[in-house]
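In the UniProt record's numbering, the protein residues as written are 1 to 517. By construction, the Cβ of each residue, glycine as well, lies at the ideal position given by its N, Cα and C atoms.
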């Protein structure tokens, strides 16, 4: 592998504001990655490939870098056509000086992009705290829509590639014992091989369903920016279609893993749930069995990239890269050792805050990134084939329809639990037979069912349902009043006061449920 240094003359040209017609002293910002350098100047960004050769890419020749630049333009068009403007040469003029564009000998190739505020990439935003829920929901919709447009790919070839990637990761970990303890690296290698073998049939079946596709390929937080207020993926993999290939949940796992690595479990859990909702494929619940493997492989890749970044830097930058490598390595190990799944139920009348409590506790549960949240209001809308916020007529709430909704909740919970994933169910569960069905599910899956019944005065419940906007629930103040007289029968679950602020309700519910937190 070459050291990856740019031609000093090319680097100097791209660092000079005069190259872009800017006034002397105007800052030109350089951002380095292990395979490229980006120069930010005015309202433009110019990306140059490093002359590097890795096991997974080859930018070693000028022709290879030109082909990579043109491929980058093509593969990003479905995601960010308004950001990618063209491929531009660096040429040597008759005087010997270098120029951007021109008719002389081409010495390098660049991708020209429209510049965006680099502080709005999601890695920066996630460092400041959990991502806003509307942003997460928009990201889920963007990714799901992108996946729907992607062509299907060969699952068998991808499965073989995963084994090669794992072998590459193993070699990287072996060559850096100062970062990766050899005994832990060996255990990770063994666990990865076992998980690949265990999930091979599932992955091939997903391929037959067309869910292994030519995707973005490098969809981590730093490669998503807020542009005009919406999350926009950029910098898709151009150098190898096979590397960009994967199960759509493997692609999603990159974002999930990155959020978890930054301590944003709540955001990661919501992104998983919202993606599953928007994609609308029940089969994705079975595929949750492969999520620990997908998360671990993504973390292993980031650890490997961090090692490469350390080799290209020094001082504080090298130390930061080493820290990242160890952090991702630890996450890769943890992801492949998930605990047994849990089944929690958040029940109560309309307006008691079930949905808020369910979402809050889901992000605290394992396996990573958090529990699947199943909500009766959502399942009722899906049953009728309408958007979540569409209002349903009264006959959609007849007892026989409600029974069908609850059967669907139990079935979906079963699929997720059998895949090894924890579940939180958000529904009223006012009838003893509905609660009995959950108890039977727990016995069948070998999982303890733990539930809480949220309670709040009628005036509080009516105020809450009246304040809802853009929510899946159709309950209003009259429904809340009607429910006041429901006879719920014997209740084995603890009752939790849900009248106060959400934070307190969540803590009381968590205490009643008993963890693990």
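Name the DSSP bridge partner or partners of residue i?
{"i": "residue 344", "result": "424, 450"}
{"i": "residue 109", "result": "89"}
{"i": "residue 59", "result": "None, per the DSSP bridge assignment."}
{"i": "residue 233", "result": "224"}
{"i": "residue 36", "result": "49"}
{"i": "residue 31", "result": "38"}
{"i": "residue 247", "result": "212"}
{"i": "residue 101", "result": "90"}
{"i": "residue 479", "result": "DSSP lists no partner for residue 479."}
Quick check: the Cα distance between residue i and residue j, rounded to an integer number of angstroms?
{"i": "residue 500", "j": "residue 181", "result": "48 Å"}
{"i": "residue 78", "j": "residue 168", "result": "30 Å"}
{"i": "residue 1", "j": "residue 240", "result": "Reliability of the predicted coordinates at residue 1 is poor, the pLDDT of 39 falling under 50, and no value is obtained from them."}
{"i": "residue 519", "j": "residue 401", "result": "Beyond the ends of the chain as shown, which are 1 and 517, falls residue 519; an answer cannot be given."}
{"i": "residue 493", "j": "residue 233", "result": "44 Å"}
{"i": "residue 380", "j": "residue 393", "result": "12 Å"}
{"i": "residue 191", "j": "residue 340", "result": "17 Å"}
{"i": "residue 129", "j": "residue 259", "result": "10 Å"}
{"i": "residue 189", "j": "residue 513", "result": "36 Å"}
{"i": "residue 305", "j": "residue 449", "result": "42 Å"}
{"i": "residue 504", "j": "residue 369", "result": "23 Å"}
{"i": "residue 476", "j": "residue 487", "result": "20 Å"}
{"i": "residue 121", "j": "residue 222", "result": "6 Å"}
{"i": "residue 496", "j": "residue 360", "result": "15 Å"}
{"i": "residue 317", "j": "residue 245", "result": "31 Å"}
{"i": "residue 87", "j": "residue 53", "result": "21 Å"}
{"i": "residue 386", "j": "residue 165", "result": "42 Å"}
{"i": "residue 199", "j": "residue 212", "result": "14 Å"}
{"i": "residue 397", "j": "residue 48", "result": "59 Å"}
{"i": "residue 150", "j": "residue 214", "result": "6 Å"}
{"i": "residue 272", "j": "residue 417", "result": "16 Å"}
{"i": "residue 286", "j": "residue 247", "result": "13 Å"}
{"i": "residue 328", "j": "residue 303", "result": "5 Å"}
Looking at C-alpha atoms only, which residue of the options is the closest neighbour of residue i?
{"i": "residue 455", "options": "344, 199, 430", "result": "430"}
{"i": "residue 383", "options": "409, 311, 416, 55", "result": "409"}
{"i": "residue 378", "options": "372, 368, 370, 389", "result": "389"}
{"i": "residue 421", "options": "397, 372, 404, 399", "result": "372"}
{"i": "residue 255", "options": "54, 517, 216, 469", "result": "216"}
{"i": "residue 281", "options": "56, 354, 509, 249", "result": "249"}
{"i": "residue 424", "options": "395, 468, 376, 465", "result": "376"}
{"i": "residue 490", "options": "405, 436, 466", "result": "436"}
{"i": "residue 413", "options": "446, 432, 397", "result": "446"}
{"i": "residue 269", "options": "205, 133, 224", "result": "133"}
{"i": "residue 301", "options": "103, 55, 385, 396", "result": "55"}
{"i": "residue 453", "options": "156, 472, 351", "result": "351"}
{"i": "residue 458", "options": "209, 348, 404", "result": "348"}
{"i": "residue 242", "options": "157, 285, 440, 286", "result": "157"}
{"i": "residue 443", "options": "66, 39, 342", "result": "342"}
{"i": "residue 172", "options": "161, 124, 185, 85", "result": "185"}
{"i": "residue 62", "options": "511, 106, 21, 23", "result": "106"}
{"i": "residue 40", "options": "117, 65, 8, 57", "result": "117"}
{"i": "residue 311", "options": "16, 25, 33, 23", "result": "33"}
{"i": "residue 178", "options": "209, 319, 50", "result": "319"}
{"i": "residue 399", "options": "367, 374, 411, 433", "result": "433"}
Measure the Cβ-Cβ separation of residue i and residue j and say whether it is below 7 Å.
{"i": "residue 261", "j": "residue 336", "result": "no"}
{"i": "residue 426", "j": "residue 346", "result": "yes"}
{"i": "residue 126", "j": "residue 266", "result": "no"}
{"i": "residue 10", "j": "residue 90", "result": "yes"}
{"i": "residue 153", "j": "residue 293", "result": "no"}
{"i": "residue 309", "j": "residue 321", "result": "yes"}
{"i": "residue 43", "j": "residue 92", "result": "no"}
{"i": "residue 206", "j": "residue 253", "result": "no"}
{"i": "residue 419", "j": "residue 288", "result": "yes"}
{"i": "residue 13", "j": "residue 37", "result": "no"}
{"i": "residue 202", "j": "residue 148", "result": "no"}
{"i": "residue 463", "j": "residue 307", "result": "no"}
{"i": "residue 75", "j": "residue 225", "result": "no"}
{"i": "residue 295", "j": "residue 257", "result": "yes"}
{"i": "residue 465", "j": "residue 480", "result": "yes"}
{"i": "residue 405", "j": "residue 506", "result": "no"}
{"i": "residue 353", "j": "residue 498", "result": "yes"}
For chain D, is any of its Cβ atoms less than 7 Å away from the one on residue i?
{"i": "residue 312", "result": "Absent from the structure is chain D; it holds one protein chain and no more."}
Given 6 Å as the limit, tell me if residue i has its C-beta closer than that to any heavy atom belonging to the ligand FAD.
{"i": "residue 202", "result": "Ligands displayed in this structure: none; no statement on the ligand FAD is therefore possible."}
I'd like to know if the segment 262–279 and the segment 135–144 are in contact, where contact means that at least 3 CB-CB pairs between them fall below 8 Å. yes
Three-pair Cβ contact test at 8 Å for the segment 223–231 versus the segment 88–104: Contact fails: fewer than three Cβ-Cβ distances are below 8 Å.
At least three beta-carbon pairs within less than 8 Å, the segment 103–118 to the segment 59–76: yes
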